[in-house]
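Asker: Before I ask anything, let me first share the structure, which is written out below as C-alpha cells.
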Amino acid sequence: MAQKIDEKLVDQVAHLARLEFDNEQKNAIINDMNNMLVFVDKLNELNTDVIEPLVYMTDETNVLREDGVKQDITQKEALANAPKKDSDYFKVPKVVEKK
Amino acid sequence: MIKYHSLAAINADLQSGKITVTALVNHYLKNIADKKDYNIFLEVFADDALAQAKLIDEKIKNKTAGKLAGAVIALKDNISVKGKKLSASSKILEGYTSLYNATVVERLLAHDAIIIGRTNCDEFAMGSSNENSAFGNVHHPLDESRVPGGSSGGSAAAVAADMCLAALGTDTGGSIRQPASFCGVVGLKPTYGTVSRYGIIAYASSFDQVGPLTHSVADAALILETIAGPDEYDSTLSQKPAQKFSEYTNKNPKYKIAYLRDCLEKDGLDAEIKNKMLATIEQLKADGHELTAVDFPFLDYLVPAYYVLTTAEASSNLSRYDGIRYGYRSKNATDLESTYKKSRSEGFGTEVKRRIMLGTFVLSAGYYDAYYAKGQKVRRLLQNKTLEILNQHQFILLPTTPGTAFKFGENSADPIKMYLEDIFTVQSNLTGIPAISLPLGTHSNGLPYGIQVMANKFDEKNLFAFADYLMQKK
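Heads up: the protein sequence lines correspond to chains W and E, in order.
When the letters of the first sequence are read in order and numbered with our numbering, they come out as residues 1 to 99.
When the letters of the second sequence are read in order and numbered with our numbering, they come out as residues 1001 to 1474.
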C-alpha cells in the first residue's frame, strides 16, 4: 500500500528541498508523487531480507592521493559567477536583525 | 564536402590534402547554420573552432598532430569548457561560466580534437525526449515533428545531422543510447568508473558516465581510449591505466550470447523491432555463435529501482543550486530562506522539481528504509542476476528502445509512461556494466532504431569487437 502523500507531507518535503509550490502546482505534485509511489512500491514484491544494500559501484577502496597545496581558482574567479557580491564576499539578504 | 562517417576517412583525406581541418570545420558550421531551427546547439564555438583548426592544419603539415586531429566534437551542455557558458539546459545556471575544463575536455584537446559547441539536452539530463530543456525542444534531424530522444538529444542529433563527427553525452539511465537509437548513431555507456566525472554536472553520481556518440564503432573506441583512465579529481574511477580500446580485434571468434526472453515478450515493444531482434538472433546462430534465451525475471523492477535511487542522488546533488554562489537568484526573495526557495522554484523546471521532491521524500526520516534502502538492496539483486548471466555468456543482446522516435507531446502527459522509455537501458546503469547501442535497424516508418549489447564490467574491448562485427554485417 502506497504511503499517501497529502498536502501536509508535501509542504514538509518541499521545505526540506527548499522548494515552494503554489496551489495549482501543489495539487499536481501531490498527484505525481502518489502515482510514482504506487509505481515504485512494486519493489516490495521482492524479498530482500538477506540482501546487503549495493552502495558503491566501484571495486576500488581507499583511493588516496598526496594532500598537496595548490590553487586551482582565485578568490576573484570564485566570485565571478555570483549573482550578488562585493570585492571579497558573496552577498545575501540580511540574516541578523538590528537590536 | 561529403558526410564523413569515421575519423579514419577524414584522416586519409587530410593526409592526401583533399581537405583541410579548416574546410571541415566550415562544412560543419554551415550545416549547423542551415538547420539552426532544429535547436540542436545552445552555443557554437565558431571562432575558437576555426582558430584551433588553423593550428591543427599546421600540425598536420609538420607531422606533429595528435591522434584526434580532424575530429570535430560537440559536447552536451553539462560538460565544462573553461571560459564558456554552461547551463545543463536550465534557467538556474543563468550567467554561469565554467572556471575550468572537465577532465574529458582536457584529454580531447590534448589529442588535438576540436570542440565545436555545446548541445541542447534535457534539463540536468533528466528526460527521454529533450522536451525538458529550458531552451526549447530539439527537433529530430529526419522528422522535425519528432523528438531526438534524450537526455543527450542535441548530441545525438548533431552527429546524425553531420554537424560534427562525434559528440560526448552523459548516460544515467539511457541518455546516450536512447537518443543514439532514435537518431541512428552509435552510443556507448562505458563501465562505471571508466571515465572521469570531474567537470560534469552531476545528476546521479553512482549512475552517471560520460560516453561518445559516433557514426562508427572505431571512433567510439578511439574517443573512449582518449577520455578514460584514472584522474586525481575523481576517486570513483578504476585505478588501472586506460586500455587501448582502439586496438580491439575480431579474429572471427565464436561468441556466447544471451538474449533476455522477458525483453522480447515485453508489452509495448514494437513488432518490427522484435522481429529484427529475432532475425539478428537467427543470423548469429547461423554464423556459428551460441545464442541462449535466458530469463530475467526483474524487468519490471528496473525502472522503479532506478527512480528511487536516481531521484535520491539528484536531490542531494542539486542542493548546491542555492542562488548565492552562482547562477540565478530570484528578485522576489526577501530573506535568506526565500532566496533559496524562490531561486530554486523559479530556476528549476517541472521535471527537475518532481525528481527532487521524490528524492527528498525517499531520503527523509521515516521513509528512508522503506524506499531508499530498499532500492539499494534491489540494486544488489539486479546486479547479482545480471552478472550471473554474464558469467555464463560474453554478451547480452537486447533492444535499445521499445519503439522509434515519438512525436512531441506524445509521452508528456504521463511521467511514468515517459520513464518506461528507459526500460531496456537502465539495467546497465543500475549494475555498472557497459552497453552500446548500434544503429542496425530501419523501421518501415523510415526512422532508425538501435540494438543494444551489454558486456561484463571493463570488457569494452571485446564489446567493441563484437559491435564492429554486428555493424559490418548490417
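Just so you know, even glycine gets a beta-carbon here, dropped at the ideal spot from N, CA and C.
Treat the numbers as computed from the prediction; the structure is a model and nothing was measured.
Pick out whichever of Ser-1152/E, Met-1454/E and Ala-1053/E has its Cα sitting closest to the Cα of Asp-1112/E.
Answerer: Nearest C-alpha to Asp-1112/E: Ala-1053/E.
Asker: Please go through the same chain and pick out, in chain order, the residues whose beta-carbon is closer than 8 angstroms to the beta-carbon of Tyr-1259/E, but skip the five residues on each side of it.
Answerer: Correct list, in chain order: Met-1277, Ile-1281, Leu-1291, Thr-1292, Ala-1293, Val-1294, Ile-1396, Leu-1397 and Leu-1398.
Asker: Please specify which runs of the beta strand (DSSP E), each continuous and at least 3 residues long, are wholly inside the segment 1333 to 1420 of chain E, giving them in chain order.
Answerer: Within the segment 1333 to 1420 of chain E, the complete beta strand (DSSP E) runs of at least 3 residues are 1395 to 1399.
Asker: Going along chain W in order, which residues have a C-beta closer than 9 angstroms to the C-beta of Asp-1262/E?
Answerer: By Cβ distance, chain W contributes nothing, its closest Cβ being about 15 angstroms from Asp-1262/E, past 9 angstroms.
Asker: What are the residues that DSSP puts in a beta bridge with Gly-1117/E?
Answerer: In DSSP, Gly-1117/E forms a bridge with Val-1044/E and Ala-1074/E.
Asker: So, at 7 angstroms on beta carbons, what are the nonlocal neighbours of Lys-1091/E in its own chain, with the 5 sequence-adjacent residues on each side left out?
Answerer: If we look at Lys-1091/E and ignore the five residues flanking it on each side, its Cβ neighbours are Ala-1134, Tyr-1328 and Gly-1347.
Asker: Tell me the start and end of each unbroken beta strand (DSSP E) in the segment 1135 to 1181 of chain E that is at least 3 residues and wholly inside, in chain order.
Answerer: Segments of the beta strand (DSSP E) lying fully in the segment 1135 to 1181 of chain E: 1166 to 1171.
Asker: Where does Ile-1451/E sit, in a helix, a strand or coil, going by DSSP?
Answerer: Three-state DSSP puts Ile-1451/E in a strand.
Asker: Under three-state DSSP, which class holds Gln-12/W?
Answerer: Reduced to three states, the DSSP call for Gln-12/W is helix.
Asker: Just checking, does the segment 1427 to 1445 of chain E make contact with the segment 1296 to 1316 of chain E on the three C-beta pairs under 8 angstroms criterion?
Answerer: Contact between the segment 1427 to 1445 of chain E and the segment 1296 to 1316 of chain E is present, because at least three Cβ pairs lie under 8 angstroms.
Asker: Where do the N-terminal and C-terminal ends of the beta strand (DSSP E) with His-1294/E fall, by residue?
Answerer: Before going further, note that residue 1294/E is Val rather than His in the sequence given. 1290 to 1294 is the extent of the beta strand (DSSP E) around Val-1294/E.
Asker: Return no unless some Cβ of chain W is closer than 8 angstroms to the Cβ of Arg-1146/E.
Answerer: No, because no Cβ of chain W sits closer than 8 angstroms to the Cβ of Arg-1146/E.
Asker: What residues of chain W sit near Glu-1421/E, judged by a beta carbon separation below 9 angstroms?
Answerer: The premise fails here: Glu-1421/E is roughly 14 angstroms from chain W at the closest Cβ pair, so nothing lies under 9 angstroms.
Asker: Between Ala-17/W and Phe-1361/E, what straight-line distance do the alpha-carbon atoms span, to the nearest angstrom?
Answerer: C-alpha separation (whole angstroms): 9 angstroms.
Asker: Are any of the Cβ atoms in chain E nearer than 8 angstroms to that of Met-1/W?
Answerer: For Met-1/W, the predicted model reports a pLDDT of 46, less than 50, meaning its position is unreliable; a value from the coordinates is still stated below. Output row for Met-1/W: interface = no.
Asker: Mind the definition here: the segment 1204 to 1214 of chain E touches the segment 1158 to 1173 of chain E only if three or more C-beta pairs lie below 8 angstroms; say whether that holds.
Answerer: Yes, the segment 1204 to 1214 of chain E is in contact with the segment 1158 to 1173 of chain E.
Asker: Quick check: the segment 1378 to 1393 of chain E against the segment 1146 to 1154 of chain E, are there 3 or more CB pairs under 8 angstroms?
Answerer: Result no; under three Cβ-Cβ pairs closer than 8 angstroms.
Asker: Looking at Ala-1161/E and Lys-1030/E, is the spacing between their C-beta atoms short of 8 angstroms?
Answerer: For Lys-1030/E and Ala-1161/E, no; Cβs fall outside 8 angstroms.
Asker: Beta carbon of Gly-1193/E, beta carbon of Thr-1236/E: below 8 angstroms?
Answerer: Result yes, Cβ atoms of Gly-1193/E and Thr-1236/E sit closer than 8 angstroms.
Asker: Tell me whether Gln-1283/E is buried or exposed, calling it buried when 16 or more other Cβ atoms sit within 10 Å of its Cβ.
Answerer: Label assigned to Gln-1283/E: exposed.
Asker: Are any of the Cβ atoms in chain E nearer than 8 angstroms to that of Val-13/W?
Answerer: Yes, because at least one Cβ of chain E sits closer than 8 angstroms to the Cβ of Val-13/W.
Asker: Assuming contact is defined by CB atoms lying nearer than 8 angstroms, are Ile-1436/E and Ala-1467/E in contact in what I supplied?
Answerer: The answer is yes: Cβ separation under 8 angstroms.
Asker: In three-state DSSP terms, what is Thr-1022/E?
Answerer: In this structure, Thr-1022/E counts as helix in the three-state DSSP scheme.
Asker: For Ser-1428/E, report the span of its alpha helix (DSSP H) as first-last.
Answerer: Its alpha helix (DSSP H) spans residues 1426 to 1431.
Asker: Per DSSP, what kind of secondary structure is Leu-1463/E in: helix, strand or coil?
Answerer: Residue state, collapsed to three classes: helix.
Asker: Of the choices Leu-1075/E, Tyr-1449/E and Arg-1355/E, whose alpha-carbon is the least far from that of Leu-1109/E?
Answerer: When only C-alpha atoms are compared, the closest one is Leu-1075/E.
Asker: Relative to the C-alpha of Lys-1067/E, which residue among Gln-1015/E, Asn-1101/E and Asp-1047/E is closest?
Answerer: Here the closest residue by C-alpha is Gln-1015/E.
Asker: Using a C-beta to C-beta distance shorter than 8 angstroms, which residues of chain E count as neighbours of Glu-20/W?
Answerer: Near Glu-20/W (Cβ distances below 8 angstroms), the residues of chain E are Lys-1341, Lys-1342 and Ser-1345.
Asker: In the DSSP output, which residue or residues are listed as bridge partners for Phe-1245/E?
Answerer: Phe-1245/E pairs with nothing; no bridge assigned.
Asker: Give the straight-line distance between the Cα atoms of Pro-966/E and Met-1126/E, rounded to the nearest whole angstrom.
Answerer: Since the first residue of chain E shown is 1001 and the last is 1474, residue 966/E is not available in this structure.
Asker: Around the Cβ of Arg-1320/E, are there at least 16 other Cβ atoms within 10 angstroms (buried) or fewer (exposed)?
Answerer: By the 10 Å Cβ count, Arg-1320/E comes out exposed.
Asker: Any heavy atom of the ligand FMN within a distance shorter than 7 angstroms of the CB on Leu-1387/E?
Answerer: The ligand FMN is not among the ligands present in this structure, which contains no ligands whatsoever.
Asker: Using a threshold of 8 angstroms, state whether the C-beta atoms of Val-1138/E and Tyr-1038/E are closer than that.
Answerer: Yes, these two residues count as a Cβ contact at 8 angstroms.
Asker: Compare the C-beta of Leu-1099/E with all C-beta atoms of chain W and state if any pair is closer than 8 angstroms.
Answerer: Chain W, which has a Cβ nearer than 8 angstroms to the Cβ of Leu-1099/E, makes this yes.
Asker: Please classify Lys-1091/E: does DSSP put it in a helix, a strand, or coil?
Answerer: Here Lys-1091/E sits in helix by DSSP.
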